[in-house]
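In my numbering, the protein residues as written are 16 to 177.
One structure below.
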């Protein structure tokens, strides 16, 4: 079965890269990077990839890291190798949309309460942490229940929000 590259249109059946953040297929790393070079305020795809990698390295109990803009467009997303997704693609998207909606409501209250720092939702099987990443992006992280979320949040703040 051959696949068509999302960037150059070349068909390939030997070498295909499927991107975890957008689902597109590419014939080479160069085409993947070219397609992801979204010019955003102070960020490129490689910046988001670096943020993702740094956060993933900070704690082995992190399952998923997703960075999106405030409209829900995913800038970068990935999960730890060997981690089984608990939600379908559709359910993951819905969870992100609900988190974004919550942050929009918090932004309305910010003049009275101050800007939100993070939100932690703890479930029986995972923890989900969301926090603003600058003015225009949201960081969405899921972890194992045993993760020390206070330490992780502090680490992320020191890395990117200080």
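Here a beta-carbon is modelled for each residue, glycine too, at the ideal position from N, C-alpha and C.
Beta-ladder partner(s) of residue i, from DSSP
i	result
residue 153	83, 147
residue 32	41
residue 26	19
residue 159	141
residue 122	None; residue 122 has no bridge partner.
residue 135	144
Test item: CB-CB of residue i and residue j under 8 Å
i	j	result
residue 141	residue 160	yes
residue 33	residue 42	no
residue 129	residue 147	no
residue 78	residue 157	yes
residue 66	residue 175	yes
residue 31	residue 22	no
residue 70	residue 171	yes
residue 64	residue 91	yes
Continuous beta strand (DSSP E) assignments of at least 3 residues falling wholly in the region 41-115: Runs of the beta strand (DSSP E) inside the region 41-115: 77-84, 89-94.
The region 145-160 contacting the region 108-117, beta-carbon criterion three pairs below 8 Å: Three or more Cβ pairs closer than 8 Å define a contact, and the region 145-160 meets that threshold against the region 108-117.
Any 3 or more C-beta pairs closer than 8 Å across the region 94-114 and the region 69-85: The region 94-114, when compared against the region 69-85, does touch it at the 8 Å Cβ threshold.
The region 93-105 contacting the region 162-169, beta-carbon criterion three pairs below 8 Å: With fewer than three CB-CB distances shorter than 8 Å, the region 93-105 does not count as touching the region 162-169.
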